[in-house]
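Just so we're aligned: the sequence shown equals residues 16 to 237 in the working numbering.
Have a look at the structure below before the remarks.
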Amino acid sequence: MSDSFPPLAANTTRLRVAQGLVLLFHATGLVGLLFSHDPGFYLRFTPLTLLLSTGLLVAFQPERNASFWQFCLTVGLLGFAAEVIGVHTGKLFGNYAYGETLGPKWLDVPPLIGVNWVMMTYLAGVLAHRLPLGELARTLVAALLMVGFDLCVEIPAGRFDFWHWTAGVIPFRNFRDWFILACLAQMLFNRARFVKTNALAPLLYAVQLLFFFALEWLGPGK
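Written out as structure tokens, the structure is:
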């Protein structure tokens, strides 16, 4: 059964407003983190920015049926569980611990990271779905898009208290495990029965990628 609230129609005006909001959120945060005397003030808005970005993305999903929400719940729980295992055992991703930037933690992991897993799986899946590829090829391409995004986030993550690696070294197995779990998440995306298009997805993926890339290359000491 479809969601009782109608999806936000992706007409030109509404799309431009949403794109403007995405640019505003990230541009304000980037300028604050790079040039403010108190970057911690802007870091406090990270959870809000992530939630607002996800909310706008969901608003432009053409069909929010039961399969869509089941996909979101399953991937969110999968991502959160993987992070809990990783933090407590080091058997996934490596040895790391979360900082305070992503908000309150449960089992030493911010629940918001589950939302991030959903958003990145969805973004990469929608982008790969635009390509004239079979399911296996789309799964691999989308997983690579997720790993590429993680690579851009990993480098400045410790400096801005997202998470911290033991001895400050990012292990190769982090990207290996990310790719494996990303493939699993993309399989769930491909098998879920909802419309796989979103007018806001290309811009949001690109803006987030450029945001973290800029944090690294334009940050303090560069």
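The beta-carbon is built from N, C-alpha and C at its ideal position, and this holds for glycine as well.
Here the structure is a predicted model, which means the values were calculated and not measured.
Q. If you follow the beta strand (DSSP E) that His179 is part of, which residue opens it and which one closes it?
A. 178 to 180
Q: Take Lys211 as the anchor and find which of Ile128, Gly140, Leu92, Glu115 has the nearest alpha-carbon.
A: Gly140
Q | Pick from Glu169, Arg206, Arg188, Asn213 that is closest to Leu224, judged by C-alpha positions | A | Considering only alpha carbons, the answer is Glu169.
Q) Where does Asn110 sit, in a helix, a strand or coil, going by DSSP? A) Under the three-state reduction of DSSP, Asn110 is assigned to coil, being neither helix nor strand.
Q: Have a look at Leu138, Leu107, Asp123 and flag the residue whose alpha-carbon is nearest the alpha-carbon of Phe75.
A: Leu138
(Q) So that I know if they touch, is there some Cβ in chain C lying closer than 7 Å to that of Ala200? (A) Although the question refers to chain C, the structure presented lacks it and comprises just one protein chain.
Q) Pick from Leu48, Asp192, Val32, Ala143: whose alpha carbon is nearest that of Gln201? A) Ala143
**Q.** Simplified DSSP state of Val141, which is helix, strand or coil
**A.** helix
Q) Which two residues bound the contiguous alpha helix (DSSP H) that contains Thr89? A) 81 to 104
Q) In three-state DSSP terms, what is Val133? A) helix
Q) How long is the line joining the alpha carbons of Phe226 and Thr104, rounded to whole angstroms? A) Roughly 31 Å separates the two Cα atoms.
Q.
Can you tell me whether Asp192 is buried or exposed? The criterion is at least 16 other CB atoms within 10 Å of its CB, across all chains shown.
A. buried
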